[in-house]
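Sequences listed follow chains A and B, in order. In terms of this note's numbering, the first sequence opens at residue 670 and continues consecutively. In terms of this note's numbering, the second sequence opens at residue 321 and continues consecutively.
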Amino acid sequence: DTAVSQTPKYLVTQMGNDKSIKCEQNLGHDTMYWYKQDSKKFLKIMFSYNNKELIINETVPNRFSPKSPDKAHLNLHINSLELGDSAVYFCASSQDPSQGDEQYFGPGTRLTVT
Amino acid sequence: AQKVTQAQTEISVVEKEDVTLDCVYETRDTTYYLFWYKQPPSGELVFLIRRNSFDEQNEISGRYSWNFQKSTSSFNFTITASQVVDSAVYFCALSDLDGGKLIFGQGTELSVKP
């Protein structure tokens with residue numbers, strides 16, 4: 670009974686390609702997030718959505734475009750992939766960020782760009 | 321600006337030793353939330369604890385305990401009688417209530433040797 674799921678778990682692709690990562694949560698949460706973890710394990714927010722509305726866009730290149738078809742899903746599409754995009758991408762969700770509710774993370778998607 | 325610092329990059333201990341992971345934070349907010357997450361070698365991010373800025377009581381959960389001190393802006397995590405299964409990267413994080421993003425520290429990699 671997975672709370673936050675992501676597909677695929679691993680993604681290997683070449684520079685210049687376009688790829689998508691899907692995320693779904695079954696916790697009934699209103700807010701979803703994408704984080705990027707770099708090779709040094711540093712975690713940084715990319716986007717957050719509240720009930721399908723973009724709340725945070727943390728100076729991410731335009732090549733990254735999140736899409737939220739409903740509040741249980743937040744997908745990440747990446748155009749024209751670059752070597753520097755190689756990282757682990759985590760999706761997360763929480764109920765009420767204004768109350769500091771904890772975020773639950775998906776298993777991560779390891780993206781390798783060659 | 322909000323910031324979380326985990327000065328210990330790596331810690332190595334022998335099983336059954338006690339170990340404390342340090343976390344220092346910076347924020348101008350009077351209401352804020354602090355978190356600890358565990359990232360085992362399998363890669364997922366596991367929520368451990370959430371503490372709000374108005375609750376300075378220490379918390380104990382089994383072998384885990386947390387010491388929150390506003391006077392020193394610290395939220396330290398102690399594992400008592402460490403076990404090999406405690407080997408992981410541990411992240412301290414601060415919640416930005418305006419949007420809900422988590423601001424992570426750099427992480428501390430704990431290695432518990434048998």
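Every residue, glycine too, gets a C-beta built ideally from N, C-alpha and C. The structure displayed is predicted, hence computed values, not measured ones.
- Can you pull the chain A residues whose beta carbon is under 7 Å from the beta carbon of Q377 (chain B), in chain order? Those do not exist, as Q377 (chain B) stays about 16 Å from chain A at its closest Cβ, beyond 7 Å.
- Message: With three or more C-beta pairs closer than 8 Å as the rule, is the stretch 394 to 408 of chain B touching the stretch 768 to 778 of chain A?
- Response: no
- the stretch 681 to 698 of chain A: positions lying closer than 8 Å to chain B by Cβ: none
- Item | CB of M684 (chain A) within 9 Å of CB of E751 (chain A), strictly | yes
- Residues near T350 (chain B) by beta carbon distance below 8 Å, same chain, minus five either side: S373
- Please check if any C-beta of chain B sits within less than 9 Å of the C-beta of K740 (chain A). no
- Can you list the residues of chain A that Y353 (chain B) reaches, using a CB-CB cut of under 9 Å? Q768, G769, D770, E771
- With a Cβ-Cβ cutoff of 9 Å, do S402 (chain B) and V432 (chain B) count as a contact? yes
- Message: Closer than 8 Å is the cut-off here; do at least three beta carbon pairs connect the stretch 740 to 747 of chain A with the stretch 328 to 339 of chain B?
- Response: Taking a contact to require three or more Cβ pairs closer than 8 Å, the stretch 740 to 747 of chain A and the stretch 328 to 339 of chain B do not qualify as touching.
- Cβ-based burial, R383 (chain B) [other Cβ within 10 Å; buried from 16]: Classification of R383 (chain B): exposed, given that the 10 Å Cβ count is below 16.
- Buried or exposed by the 16-neighbour rule on C-beta atoms within 10 Å, applied to A327 (chain B): A327 (chain B) should be labelled exposed.
- Rounded to whole angstroms, what's the CA-CA distance from Q706 (chain A) to E722 (chain A)? Just pull it up for me. 24 Å
- Query: Looking only at its own chain, which residues have a Cβ that is under 8 Å from the Cβ of V404 (chain B), when we skip the five neighbours before and after it?
  - Reply: E335, V432, K433, P434
- Pair within 9 Å by beta-carbon distance, I714 (chain A) and K421 (chain B): yes
- Item | Three-state secondary structure assigned by DSSP to L752 (chain A) | helix
- Task: Show which residues of chain B have a CB atom less than 8 Å away from the CB atom of F733 (chain A).
- Result: Those within 8 Å of F733 (chain A) in chain B number zero; the least Cβ separation is about 16 Å.
- Message: Our contact map puts A761 (chain A) next to G777 (chain A) with C-beta atoms below 8 Å; I'd like the distance itself, whole angstroms only.
- Response: Incorrect: roughly 10 Å between the Cβ atoms, too far for contact.
- Task: Give the range of the beta strand (DSSP E) segment to which K390 (chain B) is assigned.
- Result: Careful: K390 (chain B) lies outside any beta strand (DSSP E) and carries neither H nor E.
- Locate the beta strand (DSSP E) running through N372 (chain B), then write down its first and last residues. 366 to 372
- Message: Strictly under 9 Å for the Cβ-Cβ distance: is L745 (chain A) near chain B by that measure?
- Response: no
- Query: Taking Cβ positions only, does I423 (chain B) come closer than 9 Å to chain A?
  - Reply: Yes - at least one Cβ of chain A is within 9 Å of the one on I423 (chain B).
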